[in-house]
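Taking it in order: structure first as structure tokens, then the write-up.
2 protein chains.
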Amino acid sequence: MSDPHEFILQHISRHITLSEQDIQFFKSVLRHRKLRKRQYLLQAGDVSLYENFVLKGCLRAYTVDNDGTEHIVMFAVEGWWVSDLYSFLAGTPATQNIDALEDTEVFSIEKNDLEKLYQQVPEFNRMFRILLQNAFVAQQQRIIGSISQTAEEQYTSFSTKYSTLEQRIPQNQVAAYLGVTPETLSRIRKQQAKK
Amino acid sequence: MSDPHEFILQHISRHITLSEQDIQFFKSVLRHRKLRKRQYLLQAGDVSLYENFVLKGCLRAYTVDNDGTEHIVMFAVEGWWVSDLYSFLAGTPATQNIDALEDTEVFSIEKNDLEKLYQQVPEFNRMFRILLQNAFVAQQQRIIGSISQTAEEQYTSFSTKYSTLEQRIPQNQVAAYLGVTPETLSRIRKQQAKK
DNA sequence: GGAAATACTTGATCTACATCAATCTTCTTT
DNA sequence: AAAGAAGATTGATGTAGATCAAGTATTTCC
Numbered sequence: 011m012s013d014p015h016e017f018i019l020q021h022i023s024r025h026i027t028l029s030e031q032d033i034q035f036f037k038s039v040l041r042h043r044k045l046r047k048r049q050y051l052l053q054a055g056d057v058s059l060y061e062n063f064v065l066k067g068c069l070r071a072y073t074v075d076n077d078g079t080e081h082i083v084m085f086a087v088e089g090w091w092v093s094d095l096y097s098f099l100a101g102t103p104a105t106q107n108i109d110a111l112e113d114t115e116v117f118s119i120e121k122n123d124l125e126k127l128y129q130q131v132p133e134f135n136r137m138f139r140i141l142l143q144n145a146f147v148a149q150q151q152r153i154i155g156s157i158s159q160t161a162e163e164q165y166t167s168f169s170t171k172y173s174t175l176e177q178r179i180p181q182n183q184v185a186a187y188l189g190v191t192p193e194t195l196s197r198i199r200k201q202q203a204k205k
Numbered sequence: 011m012s013d014p015h016e017f018i019l020q021h022i023s024r025h026i027t028l029s030e031q032d033i034q035f036f037k038s039v040l041r042h043r044k045l046r047k048r049q050y051l052l053q054a055g056d057v058s059l060y061e062n063f064v065l066k067g068c069l070r071a072y073t074v075d076n077d078g079t080e081h082i083v084m085f086a087v088e089g090w091w092v093s094d095l096y097s098f099l100a101g102t103p104a105t106q107n108i109d110a111l112e113d114t115e116v117f118s119i120e121k122n123d124l125e126k127l128y129q130q131v132p133e134f135n136r137m138f139r140i141l142l143q144n145a146f147v148a149q150q151q152r153i154i155g156s157i158s159q160t161a162e163e164q165y166t167s168f169s170t171k172y173s174t175l176e177q178r179i180p181q182n183q184v185a186a187y188l189g190v191t192p193e194t195l196s197r198i199r200k201q202q203a204k205k
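Here the protein sequences come in this chain order: A and B. Take 11 as the starting number for the first sequence in the working numbering and just add one per residue. Take 11 as the starting number for the second sequence in the working numbering and just add one per residue.
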């Protein structure tokens with residue numbers, strides 16, 4: 011079985027080139043963790059101490075409102091980074107939960123180590139700048155959809171954009187991502203099946 | 011009247027420290043522009059060629075849907091950066107419009123120049139990484155609000171978070187940001203006034 | 001492999017917000 | 001300062017999607 015470091019290094023090499031020394035340092039700050047399905051990576055109330063890279067599996071970041079309804083902030087599959095960024099940056103208790111929708115493996119980097127990494131290998135600033143630009147654009151599109159489209163239109167966009175993800179996750183999780191009830195999503199799908 | 015460069019340099023100095031040489035180079039890529047109220051900085055269909063820093067005034071970035079309804083992606087006041095980032099990065103026609111809600115002054119940086127800046131002064135990667143982190147967090151909060159809160163709750167959050175901005179802009183622009191009609195926002199405000 | 005939990009569907013009803021339309025108010029511009 | 005444009009309010013009515021409820025299908029896991 012292949013070294014999980016290979017996967018993350020390959021991902022990183024899409025954006026930046028590291029020396030052998032940089033690679034060693036980078037590897038040294040990675041902590042490999044395995045999560046069972048339904049296991050928490052982060053619970054609201056705890057401080058988000060790590061930035062996490064998904065090696066395998068699928069996570070969801072979500073909030074829970076006063077009625078106990080869950081609202082999904084993002085999904086994270088292989089190759090994605092995830093944390094409660096506000097909590098991570100500010101050191102305040104997380105408002106988001108992160109848990110596993112499948113058995114999942116991640117690499118976690120502690121905040122101090124990430125800071126060191128930025129200092130010792132400034133290229134990482136560039137990489138995360140680029141990743142954040144992409145995430146920013148994706149979020150903007152989600153915002154526009156959510157303020158300007160019907161539930162059906164949003165679902166169609168989601169389905170098209172994230173078709174492989176949709177195969178992996180329960181339908182009620184898609185509903186919690188779109189901001190509609192599972193009942194509504196079920197009816198939308200029934201409608202569409204007719205066509 | 012003071013040099014507008016002072017304002018942007020001061021902003022930047024919150025995040026990174028530049029040598030005199032870096033400052034000279036940075037200044038050399040800035041193009042100072044003035045916009046009258048209602049004037050476009052970018053029109054949908056054109057390519058977003060610049061990343062823009064607001065020196066003075068207020069801009070809005072928005073999309074227009076098939077019915078002709080405007081949906082505001084973001085406001086940008088003094089100290090904010092704005093562009094249609096997707097168009098800017100990909101070189102594709104913009105889907106967003108950007109125009110001035112007040113007489114406004116910006117500094118614009120061309121894409122090539124920004125790339126050069128990243129190369130010659132790598133610190134800028136760090137700065138924009140940090141700015142993007144903050145923007146990412148703010149957008150996440152907006153998304154959560156928009157999928158989990160009522161219009162009234164969203165308005166209350168907006169009002170609290172952006173009270174000074176709210177003083178400057180027409181109420182129908184707030185409505186277009188929240189994703190409700192001007193009528194609904196007017197009624198929400200009437201409700202709240204009763205309390 | 002079977003019980004229990006979880007997920008999905010369908011129907012009946014309710015409600016937050018949209019739409020349409022008319023009037024009133026406040027800004028802009030000459 | 002006056003005319004016109006843009007913005008805000010208010011009322012009557014319509015509708016997308018929520019809620020409540022009861023059932024069916026599908027996983028999960030001892």
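Virtual Cβ for every residue (Gly too), placed ideally from N, Cα, C.
Residue-level contact to chain A via CB, residue i, 7 Å cutoff
i: residue 77 of chain B; result: no
i: residue 183 of chain B; result: no
i: residue 55 of chain B; result: no
i: residue 167 of chain B; result: no
i: residue 29 of chain B; result: no
i: residue 196 of chain B; result: no
i: residue 104 of chain B; result: no
i: residue 70 of chain B; result: no
i: residue 131 of chain B; result: no
Cβ of residue i within 7 Å of any chain B Cβ
i: residue 25 of chain A; result: no
i: residue 89 of chain A; result: no
i: residue 2 of chain A; result: The structure shown does not extend to residue 2 of chain A, since chain A spans only 11 to 205, so no value can be given for it.
i: residue 142 of chain A; result: yes
i: residue 73 of chain A; result: yes
i: residue 122 of chain A; result: no
i: residue 139 of chain A; result: yes
i: residue 64 of chain A; result: no
i: residue 161 of chain A; result: no
i: residue 50 of chain A; result: no
i: residue 199 of chain A; result: no
i: residue 189 of chain A; result: yes
i: residue 96 of chain A; result: yes
i: residue 156 of chain A; result: yes
i: residue 36 of chain A; result: no
i: residue 179 of chain A; result: no
i: residue 150 of chain A; result: yes
i: residue 192 of chain A; result: no
i: residue 86 of chain A; result: no
i: residue 107 of chain A; result: no
i: residue 147 of chain A; result: yes
i: residue 81 of chain A; result: yes
For residue i, the residue or residues it bridges with in DSSP
i: residue 62 of chain B; result: B:92, B:118
i: residue 50 of chain B; result: B:109
i: residue 85 of chain A; result: A:70
i: residue 163 of chain B; result: Residue 163 of chain B pairs with nothing; no bridge assigned.
i: residue 80 of chain A; result: A:74
Under the three-state DSSP convention, the category residue i falls into
i: residue 26 of chain A; result: coil
i: residue 74 of chain A; result: strand
i: residue 127 of chain A; result: helix
i: residue 175 of chain B; result: helix
i: residue 69 of chain B; result: strand
i: residue 57 of chain A; result: strand
i: residue 103 of chain A; result: strand
i: residue 32 of chain B; result: helix
i: residue 191 of chain A; result: coil
i: residue 12 of chain B; result: coil
Unbroken beta strand (DSSP E) run spanning residue i, endpoints
i: residue 45 of chain B; result: 41-45
For residue i, the first and last residue of its enclosing alpha helix (DSSP H)
i: residue 156 of chain B; result: 133-158
i: residue 184 of chain B; result: 181-188
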